[in-house]
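*Asks:* In case it helps, full-length UniProt numbering puts the sequence shown at residues 1 to 237. Here a beta-carbon is modelled for each residue, glycine too, at the ideal position from N, C-alpha and C. Before I ask anything, let me first share the structure, which is written out below as C-alpha coordinates.
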Amino acid sequence: MYRKRREYLEALHEQRAARAVVTERLRIARELHDSVAHSIGIITVLSGAAARVVETKPEQTRQALTGIETTSRQTLLELQRMLGALRRAEPDDAMPQAAPLTPAGSLADVPQLAERTADAGVRVHVTWRGEQRPLPPEIELSAFRIIQESVTNVVRHSGARTCRVAVGYEPQAVTIEVVDDGDDALGAPGRPRHWTTPGGSGFGLLGMRERVTLLSGQFSADQRPEGGFRVTARLPA
(Lines of atoms letter the chains of each structure in order from A; the text may use other names.)
(Lines give C-alpha, C1' and ligand atoms only; values in the text may rest on other atoms or scores of the structure.)
Protein backbone atom coordinates (compact mmCIF):
# COMPACT_ATOMS: atom_id res chain seq x y z
CA MET A 1 0.00 0.00 0.00
CA TYR A 2 2.79 2.42 0.93
CA ARG A 3 4.68 1.61 -2.28
CA LYS A 4 1.64 2.24 -4.46
CA ARG A 5 0.98 5.52 -2.71
CA ARG A 6 4.59 6.60 -3.24
CA GLU A 7 4.43 5.68 -6.93
CA TYR A 8 1.18 7.59 -7.27
CA LEU A 9 2.66 10.69 -5.63
CA GLU A 10 5.75 10.49 -7.84
CA ALA A 11 3.61 10.22 -10.97
CA LEU A 12 1.47 13.13 -9.81
CA HIS A 13 4.58 15.21 -9.18
CA GLU A 14 5.91 14.42 -12.67
CA GLN A 15 2.60 15.43 -14.23
CA ARG A 16 2.58 18.71 -12.34
CA ALA A 17 6.18 19.38 -13.38
CA ALA A 18 5.34 18.66 -17.02
CA ARG A 19 2.36 21.01 -16.91
CA ALA A 20 4.51 23.68 -15.29
CA VAL A 21 7.10 23.36 -18.07
CA VAL A 22 4.41 23.75 -20.74
CA THR A 23 2.91 26.75 -18.95
CA GLU A 24 6.31 28.40 -18.67
CA ARG A 25 7.10 27.78 -22.34
CA LEU A 26 3.81 29.38 -23.36
CA ARG A 27 4.48 32.36 -21.11
CA ILE A 28 7.95 32.88 -22.58
CA ALA A 29 6.57 32.48 -26.11
CA ARG A 30 3.95 35.17 -25.44
CA GLU A 31 6.51 37.58 -24.03
CA LEU A 32 8.95 37.03 -26.89
CA HIS A 33 6.26 37.42 -29.51
CA ASP A 34 4.63 40.47 -27.97
CA SER A 35 7.87 42.27 -27.16
CA VAL A 36 9.52 41.70 -30.54
CA ALA A 37 6.70 41.46 -33.10
CA HIS A 38 5.68 45.11 -32.79
CA SER A 39 9.23 46.36 -33.27
CA ILE A 40 9.89 44.06 -36.23
CA GLY A 41 6.65 45.22 -37.83
CA ILE A 42 7.65 48.88 -37.46
CA ILE A 43 11.14 48.19 -38.80
CA THR A 44 9.72 46.32 -41.81
CA VAL A 45 7.42 49.19 -42.73
CA LEU A 46 10.07 51.87 -42.22
CA SER A 47 12.72 50.01 -44.21
CA GLY A 48 10.28 49.53 -47.08
CA ALA A 49 9.41 53.22 -47.02
CA ALA A 50 13.08 54.21 -46.98
CA ALA A 51 13.84 51.97 -49.96
CA ARG A 52 11.09 53.61 -52.01
CA VAL A 53 12.23 57.20 -51.47
CA VAL A 54 15.97 56.85 -50.92
CA GLU A 55 16.83 58.51 -54.26
CA THR A 56 14.11 61.17 -54.31
CA LYS A 57 13.42 62.21 -50.71
CA PRO A 58 16.61 62.13 -48.62
CA GLU A 59 15.02 63.83 -45.60
CA GLN A 60 12.18 61.30 -45.45
CA THR A 61 14.74 58.53 -45.84
CA ARG A 62 16.76 59.93 -42.94
CA GLN A 63 13.66 60.02 -40.73
CA ALA A 64 12.85 56.41 -41.58
CA LEU A 65 16.40 55.28 -40.81
CA THR A 66 16.32 57.16 -37.51
CA GLY A 67 13.09 55.37 -36.64
CA ILE A 68 14.66 52.03 -37.51
CA GLU A 69 17.67 52.75 -35.29
CA THR A 70 15.51 53.84 -32.34
CA THR A 71 13.18 50.86 -32.62
CA SER A 72 16.10 48.44 -32.97
CA ARG A 73 17.73 49.77 -29.80
CA GLN A 74 14.49 49.44 -27.86
CA THR A 75 14.06 45.87 -29.10
CA LEU A 76 17.61 44.97 -28.09
CA LEU A 77 17.07 46.35 -24.59
CA GLU A 78 13.85 44.38 -24.26
CA LEU A 79 15.54 41.14 -25.34
CA GLN A 80 18.41 41.74 -22.93
CA ARG A 81 15.92 42.28 -20.12
CA MET A 82 14.13 39.04 -20.89
CA LEU A 83 17.31 36.99 -21.28
CA GLY A 84 18.64 38.37 -18.02
CA ALA A 85 15.46 37.39 -16.22
CA LEU A 86 15.58 33.88 -17.68
CA ARG A 87 19.21 33.42 -16.63
CA ARG A 88 18.31 34.43 -13.07
CA ALA A 89 15.77 31.61 -12.87
CA GLU A 90 16.87 28.74 -10.60
CA PRO A 91 17.81 25.76 -12.84
CA ASP A 92 17.72 23.17 -10.06
CA ASP A 93 14.12 23.57 -8.96
CA ALA A 94 12.12 20.39 -9.27
CA MET A 95 9.11 22.50 -10.15
CA PRO A 96 9.85 25.20 -12.73
CA GLN A 97 8.93 28.65 -11.50
CA ALA A 98 8.17 31.72 -13.57
CA ALA A 99 11.26 33.83 -14.17
CA PRO A 100 10.86 37.19 -12.45
CA LEU A 101 10.25 39.24 -15.58
CA THR A 102 9.99 42.88 -14.60
CA PRO A 103 6.97 44.31 -16.39
CA ALA A 104 8.24 46.19 -19.45
CA GLY A 105 5.15 48.02 -20.51
CA SER A 106 2.10 49.56 -18.92
CA LEU A 107 -0.85 51.68 -19.97
CA ALA A 108 1.31 54.74 -19.31
CA ASP A 109 3.39 53.68 -22.33
CA VAL A 110 0.46 53.78 -24.77
CA PRO A 111 1.11 57.40 -25.90
CA GLN A 112 4.72 56.52 -26.74
CA LEU A 113 3.48 53.46 -28.61
CA ALA A 114 1.19 55.71 -30.63
CA GLU A 115 4.10 58.00 -31.53
CA ARG A 116 6.24 55.10 -32.75
CA THR A 117 3.37 53.72 -34.78
CA ALA A 118 2.83 57.10 -36.45
CA ASP A 119 6.40 56.85 -37.76
CA ALA A 120 5.28 53.72 -39.64
CA GLY A 121 2.43 55.57 -41.32
CA VAL A 122 -0.51 54.65 -39.08
CA ARG A 123 -1.99 57.42 -36.94
CA VAL A 124 -3.20 56.15 -33.56
CA HIS A 125 -5.86 58.12 -31.68
CA VAL A 126 -5.95 57.27 -27.97
CA THR A 127 -8.90 58.04 -25.69
CA TRP A 128 -9.31 57.40 -21.98
CA ARG A 129 -12.60 56.84 -20.18
CA GLY A 130 -13.17 56.81 -16.45
CA GLU A 131 -10.84 57.79 -13.64
CA GLN A 132 -7.35 56.45 -14.27
CA ARG A 133 -5.82 54.56 -11.37
CA PRO A 134 -2.89 52.21 -10.68
CA LEU A 135 -3.62 48.61 -11.64
CA PRO A 136 -1.92 45.36 -10.59
CA PRO A 137 1.34 44.87 -12.55
CA GLU A 138 0.06 41.81 -14.40
CA ILE A 139 -3.04 43.74 -15.52
CA GLU A 140 -0.98 46.74 -16.61
CA LEU A 141 1.40 44.56 -18.62
CA SER A 142 -1.32 42.45 -20.23
CA ALA A 143 -3.41 45.49 -21.14
CA PHE A 144 -0.41 47.15 -22.77
CA ARG A 145 0.59 43.96 -24.62
CA ILE A 146 -2.93 43.56 -26.01
CA ILE A 147 -2.90 47.12 -27.31
CA GLN A 148 0.63 46.73 -28.63
CA GLU A 149 -0.14 43.51 -30.50
CA SER A 150 -3.40 44.89 -31.89
CA VAL A 151 -1.62 47.97 -33.22
CA THR A 152 1.13 45.76 -34.63
CA ASN A 153 -1.45 43.81 -36.60
CA VAL A 154 -2.87 47.06 -37.94
CA VAL A 155 0.57 48.19 -39.12
CA ARG A 156 1.58 44.90 -40.67
CA HIS A 157 -1.61 43.51 -42.15
CA SER A 158 -4.53 45.87 -42.46
CA GLY A 159 -3.50 48.59 -44.88
CA ALA A 160 -5.11 51.05 -42.45
CA ARG A 161 -4.11 54.68 -42.15
CA THR A 162 -5.75 55.33 -38.79
CA CYS A 163 -6.38 53.32 -35.64
CA ARG A 164 -8.42 54.14 -32.54
CA VAL A 165 -7.45 52.89 -29.10
CA ALA A 166 -9.92 53.32 -26.23
CA VAL A 167 -9.07 52.44 -22.64
CA GLY A 168 -11.86 52.46 -20.07
CA TYR A 169 -11.54 52.33 -16.29
CA GLU A 170 -14.53 50.69 -14.63
CA PRO A 171 -14.97 50.12 -10.88
CA GLN A 172 -13.85 46.49 -11.13
CA ALA A 173 -12.29 46.19 -14.57
CA VAL A 174 -10.33 47.87 -17.34
CA THR A 175 -11.61 47.67 -20.91
CA ILE A 176 -9.69 47.90 -24.17
CA GLU A 177 -10.92 48.51 -27.69
CA VAL A 178 -8.70 48.81 -30.77
CA VAL A 179 -10.42 49.64 -34.07
CA ASP A 180 -8.88 50.34 -37.48
CA ASP A 181 -10.11 51.51 -40.87
CA GLY A 182 -8.25 48.87 -42.85
CA ASP A 183 -9.17 47.14 -46.09
CA ASP A 184 -11.34 44.09 -45.42
CA ALA A 185 -10.38 42.72 -48.82
CA LEU A 186 -7.11 41.66 -47.21
CA GLY A 187 -8.88 38.96 -45.21
CA ALA A 188 -10.90 35.96 -46.29
CA PRO A 189 -14.65 36.06 -45.47
CA GLY A 190 -15.33 35.05 -41.90
CA ARG A 191 -11.66 35.00 -40.92
CA PRO A 192 -9.62 37.87 -39.49
CA ARG A 193 -7.16 39.21 -42.04
CA HIS A 194 -4.50 38.97 -39.35
CA TRP A 195 -4.60 35.22 -39.96
CA THR A 196 -4.68 35.32 -43.73
CA THR A 197 -2.23 37.96 -44.88
CA PRO A 198 1.42 37.17 -45.66
CA GLY A 199 3.43 36.96 -42.46
CA GLY A 200 0.35 36.70 -40.25
CA SER A 201 0.93 33.58 -38.16
CA GLY A 202 -2.05 34.09 -35.89
CA PHE A 203 0.15 33.67 -32.82
CA GLY A 204 -0.58 37.27 -31.84
CA LEU A 205 -4.33 36.75 -31.54
CA LEU A 206 -3.75 33.45 -29.77
CA GLY A 207 -1.38 35.09 -27.30
CA MET A 208 -3.84 37.89 -26.58
CA ARG A 209 -6.62 35.40 -25.95
CA GLU A 210 -4.36 33.36 -23.65
CA ARG A 211 -3.43 36.44 -21.64
CA VAL A 212 -7.05 37.42 -21.14
CA THR A 213 -8.11 33.87 -20.26
CA LEU A 214 -5.38 33.55 -17.63
CA LEU A 215 -6.73 36.72 -15.99
CA SER A 216 -10.36 35.48 -16.16
CA GLY A 217 -11.26 38.25 -18.58
CA GLN A 218 -13.19 38.51 -21.85
CA PHE A 219 -11.72 38.83 -25.35
CA SER A 220 -13.02 39.21 -28.90
CA ALA A 221 -11.43 39.94 -32.28
CA ASP A 222 -13.27 40.15 -35.58
CA GLN A 223 -14.03 42.22 -38.65
CA ARG A 224 -16.55 45.04 -38.36
CA PRO A 225 -19.60 45.04 -40.65
CA GLU A 226 -18.85 48.64 -41.64
CA GLY A 227 -15.23 47.80 -42.46
CA GLY A 228 -12.01 47.46 -40.55
CA PHE A 229 -11.18 45.27 -37.59
CA ARG A 230 -11.96 45.42 -33.87
CA VAL A 231 -10.20 43.89 -30.87
CA THR A 232 -11.81 44.17 -27.44
CA ALA A 233 -10.78 42.94 -24.02
CA ARG A 234 -12.09 43.29 -20.49
CA LEU A 235 -9.73 42.52 -17.62
CA PRO A 236 -10.84 42.26 -13.99
CA ALA A 237 -9.05 44.95 -11.99
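Which residue or residues does DSSP assign as beta-bridge partners of Leu235?
*Replies:* Here residue 235 is taken as the residue at index 235 of the sequence shown, counted from 1. Val174, per the DSSP bridge assignment.
*Asks:* Using the C-alpha atoms, what's the distance from Leu141 back to Leu235?
*Replies:* Your numbering for residue 235 matches position 235 in the sequence shown. Your numbering for residue 141 matches position 141 in the sequence shown. Taking the CA atoms as reference points, Leu235 sits about 11 Å from Leu141.
*Asks:* For Val110, which residues in the same chain have their Cβ closer than 8 Å to its Cβ, ignoring the five residues on either side in sequence?
*Replies:* Taking the sequence shown and counting its residues from 1, one reaches residue 110 at position 110. For Val110, where only same-chain residues beyond five positions count, the Cβ hits under 8 Å are Val126, Phe144, Ile147, Val165 and Val167.
*Asks:* Just how far apart, CA to CA, sit Arg133 and Ala173?
*Replies:* Counted from its first residue, the sequence shown places residue 133 at position 133. Counted from its first residue, the sequence shown places residue 173 at position 173. Taking the straight line from one Cα to the other gives about 11 Å.
*Asks:* Go ahead and pull the three-state DSSP assignment for Arg181.
*Replies:* Sequence index remark: in the sequence shown, residue 181 carries index 181 (1-based). The sequence shown places Asp at residue 181, not Arg. In the structure shown, Asp181 sits in coil (DSSP, three-state: anything other than H, G, I, E or B).
*Asks:* Would a C-beta distance cut-off of 8 Å place Ala114 and Val124 closer than the cut-off?
*Replies:* Residue numbering aside, residue 114 sits at position 114 when the sequence shown is read from its first letter. Residue numbering aside, residue 124 sits at position 124 when the sequence shown is read from its first letter. Yes, these two residues count as a Cβ contact at 8 Å.
*Asks:* In the structure shown, what three-state DSSP assignment does Ser106 receive?
*Replies:* For the purposes of this step, residue 106 is taken as the residue at position 106 of the sequence shown. Here Ser106 sits in coil by DSSP.
*Asks:* Where does Thr127 fall in DSSP's three states?
*Replies:* In the sequence shown, residue 127 corresponds to position 127, counting from 1. Strand at Thr127.
*Asks:* How would you label Pro13, buried or exposed, when you count the other beta carbons within 10 angstroms and need 16 or more for buried?
*Replies:* Residue numbering aside, residue 13 sits at position 13 when the sequence shown is read from its first letter. In the sequence on display, residue 13 carries His and not Pro. With fewer than 16 Cβ atoms within 10 Å of its Cβ, His13 is classed as exposed.
*Asks:* What residue range does the alpha helix (DSSP H) around Ala143 cover?
*Replies:* Sequence index remark: in the sequence shown, residue 143 carries index 143 (1-based). It spans Pro137 to Asn153 - the alpha helix (DSSP H) in which Ala143 sits, taken as one unbroken run.
*Asks:* Do the stretch 154-164 and the stretch 41-49 meet, that is, are 3 or more Cβ pairs less than 8 Å apart?
*Replies:* yes
*Asks:* Among the residues of its own chain, which have a CB less than 7 Å from the CB of Ser106, if the five just before and after it don't count?
*Replies:* Locating residue 106 in the sequence shown gives position 106, where the first residue counts as 1. Hits under 7 Å: Glu140, Leu141 and Phe144.
*Asks:* Does the Cβ of Met1 have 16 or more other Cβ atoms within 10 Å, making it buried, or fewer, making it exposed?
*Replies:* As a first step, residue 1 must be located in the sequence shown, where it is residue number 1. Burial call: exposed.
*Asks:* Considering only the beta carbon of each residue, do Leu215 and Glu149 sit closer than 8 Å?
*Replies:* Here residue 215 refers to the residue found at position 215 when the sequence shown is read from its first residue. Here residue 149 refers to the residue found at position 149 when the sequence shown is read from its first residue. Result no, Cβ atoms of Leu215 and Glu149 do not sit closer than 8 Å.
*Asks:* Sorted by chain position, which residues of the same chain lie with C-beta nearer than 6 Å to residue 321's C-beta, five sequence neighbours on each side aside?
*Replies:* The question about residue 321 has no answer here: the residues shown for the chain are numbered 1 through 237.
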